[in-house]
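Student: Mind looking over this structure? Questions follow.
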Amino acid sequence: MDNLNRRSLLKTAAATGLALATPAFVRTASARTTTITIASLLGDDKPETKVWVKIAELVEAKLPGQFKFNIVKNGALGGEKEVAEGTRLGSVHASLSTVSSLSGWVPELQILDLPFLFRDAAHVRKTVESDVGADLKQKLVAQNFVVGDFINYGARHLLTKEPVTRPEQLKGKKIRVIQSPLHTKLWSAFGTTPVGIPITETYNSLSTGVADAMDLTKSAYAGFKLYEVVPYMTETGHIWASGVIFYAAGFWKQLNDEQKAVFQDASREGAAYFNQLIVEDEAKSVEQSLKNGGKLLKPEAFDEWQKNAQGVWQDFAGVVGGIERIKAIQSA
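Be aware that the sequence shown starts at 20, since it is given in my numbering, and climbs by one per residue.
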């Protein structure tokens, strides 16, 4: 389904009240329960869905009977871009998203996507809890995305149909990228042809030859069964995939102060739970991938991978707050 059709579906759902996307603030006859529609890209067994079950439980404990969470799973409401658009239309009330997919609205988010900037997950967390994170939250609110907290999907790695361990082996390949200028620039630097494809359409695109490669986290690699079409994972760890738990501004404005505080606390606890689940899920996902034909490779000539990628720092310095801000984060 193309983006236009997805947007039409979201608009239709909002207008007609289809069960697929419950329109904003549907209340029971008692007028005490608000049903909120949550979009999840994956199924019941993945962190992307489990986090919303956790948040729902936390909210229910503090605000019994006030909210019903309608969690729509397995990408039924589209990829991240379509879900974000649905949030702005009012047909989706909350979801998770990588910061990459929201950078079209807030370009400054790309500072969290700069390749080879972060040492580990703790370094990422320190950054999003600093003034950098607070500034990005404010910019997202201005675009109608209210952030409950930042989350960490883990490091992104290269996925290919054939073994690739050195950067020059990528030249001439078509690579699926997140629909983000930074990701397009990054993979262009390696001599590839970037193709923007929603995550929900990547399996078919890779199996039919629309793309030859992509990058993704270990958890999502198994979640989308991509080991069947790109069996080689090269552990480049080039980008730490930051994300957010977010709510539609229209939904948020309808909450009273007590409800907002409960949702904020539940989101912070949910984010810590999600980050823990991701670490656990990565190990399970790697095991699942290896059992089904996937193969893990170590990159060679790692300094060449970094050299090719770091031109992106200069290209995006003006967008994300300057090279000094980047270097300050690097040394933090």
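Built from N, CA and C at the ideal position, the CB exists for glycine as well.
Which term fits Arg175, buried or exposed, when burial requires 16 or more other beta carbons within 10 angstroms of its beta carbon?
Tutor: Arg175 should be labelled buried.
Student: Considering just the uninterrupted stretch of the alpha helix (DSSP H) at Asp168, what are its terminal residues?
Tutor: Premise fails: Asp168 lies in the beta strand (DSSP E), 164-179, not in any alpha helix (DSSP H).
Student: What does DSSP give as the partner residue(s) for Ile297 in the beta ladder?
Tutor: BP columns for Ile297 are empty, so no partner.
Student: I'd like the span of the alpha helix (DSSP H) that includes Tyr240, first residue to last.
Tutor: Taken as a continuous stretch (DSSP letters only), the alpha helix (DSSP H) holding Tyr240 covers 237-242.
Student: Looking at the unbroken beta strand (DSSP E) that takes in Ala113, where does it start and where does it end?
Tutor: 113-117 is the extent of the beta strand (DSSP E) around Ala113.
Student: Could you spell out the range, first to last residue, of the alpha helix (DSSP H) harbouring Arg107?
Tutor: Where Arg107 is concerned, the enclosing alpha helix (DSSP H) stretches over 99-108.
Student: Specify whether the region 137-153 and the region 176-193 touch according to this definition: at least 3 beta carbon pairs, one from each stretch, less than 8 Å apart.
Tutor: Touching, no, given that fewer than three Cβ pairs across the two stretches are closer than 8 Å.
Student: How about Val84 and Thr52: do their beta carbons lie closer than 8 Å?
Tutor: Looking at the sequence shown, residue 84 is not Val but Gly. Cβ atoms of Gly84 and Thr52: closer than 8 Å.
Student: Using a Cβ-Cβ cutoff of less than 6 Å, which residues in the same chain neighbour Lys81 once the five nearest sequence positions on both sides are dropped?
Tutor: Here the set comprises Val281.
Student: Since Lys87 sits in a beta bridge, which residues does DSSP pair it with?
Tutor: According to DSSP, which records beta bridges pairwise, Lys87 is partnered with Thr54.
Student: Taking the alpha carbon of Val125 as the reference point, which residue from Glu101, Gly167, Asp139, Gln162 has its own alpha carbon closest?
Tutor: Residue Gln162 is the option with its Cα nearest to Val125.
Student: Does the beta-carbon distance from Thr179 to Tyr251 come in below 8 Å?
Tutor: Yes, Cβ-Cβ distance for Thr179 and Tyr251 is below 8 Å.
Student: Are Val166 and Trp271 touching if we call contact CB-CB under 8 Å?
Tutor: Going by C-beta atoms, Val166 is not nearer than 8 Å to Trp271.
Student: Thinking C-beta only, is Glu104 closer than 8 Å to Ser116?
Tutor: No, Cβ-Cβ distance for Ser116 and Glu104 is not below 8 Å.
Student: Could you check which residue in Gly109, Ala113, Val102 has the C-alpha nearest to that of Asn89?
Tutor: Nearest C-alpha to Asn89: Ala113.
Student: So, Ile345 versus Val339, is the Cβ gap smaller than 8 Å?
Tutor: Their beta carbons are under 8 Å apart, which means Ile345 touches Val339 by this criterion.
Student: At the level of alpha carbons, what is the spacing between Thr203 and Lys237?
Tutor: The alpha-carbon atoms of Thr203 and Lys237 are separated by roughly 21 Å.
Student: Give the straight-line distance between the Cα atoms of Lys65 and Asp300, rounded to the nearest whole angstrom.
Tutor: Near 8 Å, if we compare the C-alpha coordinates of Asp300 and Lys65.
Student: Note the first and the last residue of the continuous alpha helix (DSSP H) segment covering Val196.
Tutor: Where Val196 is concerned, there is no enclosing alpha helix (DSSP H), although the beta strand (DSSP E) it sits in stretches over 193-196.
Student: For Tyr292, collect the residues of the same chain with a Cβ closer than 7 Å to its Cβ; drop the 5 residues on either side in sequence, then sort them by chain order.
Tutor: If we look at Tyr292 and ignore the five residues flanking it on each side, its Cβ neighbours are Val70, Lys73.
Student: Which residues bound the beta strand (DSSP E) around Gly71?
Tutor: Residue identity check: residue 71 is Trp in the sequence provided, not Gly. Element bounds for Trp71: not the beta strand (DSSP E) but the alpha helix (DSSP H), 66-81.
Student: Alpha carbon to alpha carbon, how far is Ala58 from Asn93? Give it in angstroms, no decimals.
Tutor: Roughly 9 Å separates the two Cα atoms.
Student: For the region 195-210 against the region 261-269, do three or more pairs of beta-carbon atoms, one drawn from each stretch, fall closer than 8 Å, so that the two count as touching?
Tutor: The region 195-210 vs the region 261-269: no contact.
Student: Around the Cβ of Asp63, are there at least 16 other Cβ atoms within 10 angstroms (buried) or fewer (exposed)?
Tutor: So Asp63 ends up on the exposed side.
Student: On the criterion of 16 or more Cβ atoms from any shown chain inside 10 Å, does Gly109 qualify as buried, or is it exposed?
Tutor: With 16 or more other Cβ atoms within 10 Å, it is buried.
Student: Look at Ser357 and Leu201 and say whether their C-beta atoms are less than 8 Å apart.
Tutor: Residue 357 lies beyond the residue range present for the chain, which begins at 20 and ends at 351; the question has no answer from this structure.
Student: Report buried or exposed for Ile342, applying the criterion of at least 16 other Cβ atoms within 10 angstroms of its Cβ.
Tutor: Result: exposed.
Student: Could you check how far apart the C-beta atoms of Val143 and Phe135 are, in whole angstroms? I think they sit under 8 Å.
Tutor: Not quite, the Cβ-Cβ distance comes to about 13 Å (not below 8 Å), so this is no contact.
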